[in-house]
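Some notes on the structure that comes next.
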Amino acid sequence: MKPLPLLFAIVFLSSASLLTAQEATQPSEESVKPGINERFLDTTLDVQEWIGRFEVESREVFSARERVLSACQIQPGMTVADIGAGTGFYSRLFANEVGDQGWVYAVDLSTNFLQHINKQSDADRVQNITCVLGTDRSVRLPAASVDFVFVCDTYHHFEFPQSTLASIYKALKPGGTMVVIDFERIPGQTRDWTLGHVRAGKEVFRKEIEAAGFSLVEEVEIPSFKENYLLRFRKE
Numbered sequence: 000m001k002p003l004p005l006l007f008a009i010v011f012l013s014s015a016s017l018l019t020a021q022e023a024t025q026p027s028e029e030s031v032k033p034g035i036n037e038r039f040l041d042t043t044l045d046v047q048e049w050i051g052r053f054e055v056e057s058r059e060v061f062s063a064r065e066r067v068l069s070a071c072q073i074q075p076g077m078t079v080a081d082i083g084a085g086t087g088f089y090s091r092l093f094a095n096e097v098g099d100q101g102w103v104y105a106v107d108l109s110t111n112f113l114q115h116i117n118k119q120s121d122a123d124r125v126q127n128i129t130c131v132l133g134t135d136r137s138v139r140l141p142a143a144s145v146d147f148v149f150v151c152d153t154y155h156h157f158e159f160p161q162s163t164l165a166s167i168y169k170a171l172k173p174g175g176t177m178v179v180i181d182f183e184r185i186p187g188q189t190r191d192w193t194l195g196h197v198r199a200g201k202e203v204f205r206k207e208i209e210a211a212g213f214s215l216v217e218e219v220e221i222p223s224f225k226e227n228y229l230l231r232f233r234k235e
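Quick note on numbering that gives the first Met the number 0: the sequence shown kicks off at 0 and runs consecutively.
The following block contains the structure:
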């Protein structure tokens, strides 16, 4: 197993660790959706309730996880960042894919989710996941530290997308890739809940990401996706 990468500050909680890092001051940016993450910042958040929402076959990104994993093209030895890791089911899949010579950063705003990922990693004896407590403006990862970034149904939770994307761009190595999965937002087809919850559609999000310096490589079709789409970007 390769050693844990050098980080600004590390707090070891278990075989997986919770990392916090000093961040550069971000330029002024107004929230695009104030309060969207309030429930995840609540220290009384019930992780088991969210496991019941996130890790169920009725959720597209869970039921299609093997197809999504294949589309991510993860290779052994890679360093992966799972942004908005939630209950960590993709982080665990990535940890298996990258193997003992690879590493996974599970980034989230919720300490409860990160504590759950740590506990589950201990139980499963997974030793190549580091939990990272992000902020509403930064993923708090060192520069050029990751090969691949995964943003699954969480881009619309970026309250300050310019700042967050800048921190992701900085963390990604040149030539690295980012996969973004989010909800289609098509009036007349999309559920009313999604229309109210997700602030913009695919084209708006794509333009925001490209404006941050990423190049769109392709949209990958996942046959079972009805509500979601998958876009692959590259940092040139």
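We treat Cβ as the ideally placed atom computed from N, Cα and C, and that holds for glycine.
Does DSSP classify serine 214 as helix, strand or coil?
For the purposes of this step, residue 214 is identified with residue 215 of the sequence shown, where counting begins at 1. Looking at serine 214 - three-state DSSP - the assignment turns out to be strand.
What does the alpha-carbon distance come out to for the pair threonine 189 and arginine 64?
Numbered from 1 along the sequence shown, position 190 holds the residue referred to as residue 189. Numbered from 1 along the sequence shown, position 65 holds the residue referred to as residue 64. In this model, threonine 189 and arginine 64 are separated by some 22 Å (Cα to Cα).
Residue of Glu209, Lys32, Arg66 minimising C-alpha distance to tyrosine 228:
Here residue 228 corresponds to residue number 229 of the sequence shown, with the count starting at 1. Comparing Cα positions, the closest option is Arg66.
Beta bridge counterpart(s) of valine 150 as assigned by DSSP:
Here residue 150 is taken as the residue at index 151 of the sequence shown, counted from 1. DSSP lists Ile82, Val179 as the bridge partner or partners of valine 150.
Test item: CB-CB of aspartate 81 and serine 90 under 7 Å:
By 1-based counting over the sequence shown, the position of residue 81 is 82. By 1-based counting over the sequence shown, the position of residue 90 is 91. When the beta-carbon positions are compared, aspartate 81 and serine 90 come within less than 7 Å of each other.
On a Cα-Cα basis, can you pick out the residue from Ser214, Leu40, Ser223, Val203 that is closest to valine 178?
Walking along the sequence shown from the start, residue 178 turns up at place 179. Distance check between valine 178 and each of Ser214, Leu40, Ser223, Val203 places Ser214 closest, using alpha-carbon atoms only.
By how many angstroms is the C-alpha of proline 186 removed from the C-alpha of aspartate 123?
The residue labelled residue 123 in the question sits at position 124 within the sequence shown. The residue labelled residue 186 in the question sits at position 187 within the sequence shown. Distance between the alpha carbons of aspartate 123 and proline 186: 43 Å.
Does tryptophan 236 pass the burial test, meaning 16 or more other C-beta atoms within 10 Å, or should it be called exposed?
There is no way to answer for residue 236, as the model of the chain reaches only from 0 to 235.
Which residues in the same chain have their Cβ closer than 7 Å to the Cβ of proline 160, if we skip the five residues on either side of it in sequence?
On the sequence shown, residue 160 is found 161 positions in, with the first residue counted as 1. Excluding sequence positions up to five before and after proline 160, its CB lies within less than 7 Å of the CB of Val31, Glu207, all in the same chain and listed in chain order.
How would you label serine 69, buried or exposed, when you count the other beta carbons within 10 angstroms and need 16 or more for buried?
One-based indexing of the sequence shown puts residue 69 at position 70. By the beta-carbon neighbour count (other beta carbons within 10 angstroms, threshold 16), serine 69 is exposed.
If you drop the 5 nearest sequence neighbours on each side, which residues of the same chain put their C-beta closer than 6 Å to that of threonine 42?
On the sequence shown, position 43 is the one that residue 42 refers to. For threonine 42, where only same-chain residues beyond five positions count, there are no Cβ hits under 6 Å.
Does the structure place the stretch 165 to 174 close enough to the stretch 33 to 52 that three or more beta carbon pairs sit under 8 Å?
The stretch 33 to 52 is not in contact with the stretch 165 to 174.
Taking the Cβ atom as the reference point for each residue, do phenylalanine 112 and glycine 85 lie within a distance shorter than 7 Å?
Taking the sequence shown and counting its residues from 1, one reaches residue 112 at position 113. Taking the sequence shown and counting its residues from 1, one reaches residue 85 at position 86. In this structure, phenylalanine 112 sits near glycine 85, with a CB-CB distance shorter than 7 Å.
What ranges does the alpha helix (DSSP H) occupy inside the stretch 87 to 128, keeping only unbroken runs of at least 4 residues that lie completely in it?
For the alpha helix (DSSP H) assignment, the uninterrupted runs of no fewer than 4 residues enclosed by the stretch 87 to 128 are, from N- to C-terminal side, 88 to 97, 110 to 123.
Can you give me the C-alpha to C-alpha distance between isoleucine 128 and arginine 52, rounded to a whole angstrom?
What you label residue 128 is simply residue 129 of the sequence shown in a count that begins at 1. What you label residue 52 is simply residue 53 of the sequence shown in a count that begins at 1. Cα to Cα, isoleucine 128 sits roughly 23 Å from arginine 52.
Pull up the distance between the alpha-carbon of lysine 118 and that of glycine 175, whole angstroms please.
As a first step, residue 118 must be located in the sequence shown, where it is residue number 119. As a first step, residue 175 must be located in the sequence shown, where it is residue number 176. Each residue's Cα considered, the two are about 30 Å apart.
Quick one: give me the first and last residue of the beta strand (DSSP E) that phenylalanine 232 is part of.
For the purposes of this step, residue 232 is identified with residue 233 of the sequence shown, where counting begins at 1. Note, phenylalanine 232: beta strand (DSSP E), 227 to 234.
Cβ-Cβ distance between leucine 171 and lysine 234 below 7 Å:
Numbered from its first residue, the sequence shown carries residue 171 at position 172. Numbered from its first residue, the sequence shown carries residue 234 at position 235. Contact flag set, yes.
Inspect the beta-carbon positions of serine 162 and arginine 136 and report whether they are closer than 7 Å.
Looking up residue 162 in the sequence shown gives position 163. Looking up residue 136 in the sequence shown gives position 137. Yes, the pair counts as a contact, with Cβ atoms nearer than the cut-off.
To which residues of the same chain is glutamine 72 closer than 6 Å at the C-beta, ignoring the five residues directly before and after it?
Here residue 72 corresponds to residue number 73 of the sequence shown, with the count starting at 1. Within the same chain, and ignoring the five residues on either side of glutamine 72 in sequence, no residue has its Cβ closer than 6 Å to its Cβ.
Under three-state DSSP, which class holds valine 219?
Along the sequence shown, one-based indexing puts residue 219 at 220. In the three-state reduction of the DSSP assignment, valine 219 falls in the strand class.
In three-state DSSP terms, what is lysine 206?
Counting from 1 along the sequence shown, the entry for residue 206 is found at position 207. Here lysine 206 sits in helix by DSSP.
To which residues does DSSP link leucine 171 through a beta bridge?
Walking along the sequence shown from the start, residue 171 turns up at place 172. Per DSSP, Val145.
Kindly give me the distance between the Cβ atoms of threonine 78 and valine 145, rounded to whole angstroms, as I take these residues to be in contact under 8 Å.
Looking up residue 78 in the sequence shown gives position 79. Looking up residue 145 in the sequence shown gives position 146. Indeed they touch by this definition, with Cβ atoms about 5 Å apart.
I believe phenylalanine 182 touches histidine 155 by the beta-carbon criterion, under 8 Å. Please report the beta-carbon distance rounded to the nearest angstrom.
The residue given as residue 182 occupies position 183 in the sequence shown. The residue given as residue 155 occupies position 156 in the sequence shown. With a Cβ gap of about 7 Å, phenylalanine 182 and histidine 155 count as contacting.
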